[in-house]
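Position in the sequence shown (first residue = 1) + 22 = this note's numbering.
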Amino acid sequence: MAQHVAQPTANTPALPAKLPIGAIVPWAVFFGILMLVLLYFVGAEQGATSVVSGEDVHEWVHDARHLLGFPCH
């Protein structure tokens, strides 16, 4: 039987694919606005600044409010 020996080859190192900044910006803006909306509903959706009438949103985000350190009582 013949045995084959692997010979080292000079490979160029793999470079990460370049992602154009134009592809990232719309997603970054979308998630930034989404995070601000979520932060509003968790942190400030009650009382005089309330967008939704009633206490429903407050009750839905009550535990998250305490977890993030927002006072609500």
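Every residue, glycine too, gets a C-beta built ideally from N, C-alpha and C.
Item                                                                                      : Value
DSSP three-state assignment for residue 92, whether helix, strand or coil                 : coil
Nearest-angstrom beta carbon gap, residue 92 and residue 73 [assumed within contact, 8 Å] : Between residue 92 and residue 73 the Cβ distance is about 16 Å, and since that is not below 8 Å, they are no contact.
Among 46, 37, 45, 83, the one whose alpha carbon lies nearest that of residue 59          : 83
For residue 41, the nearest candidate out of 76, 34, 49 (CA to CA)                        : 49
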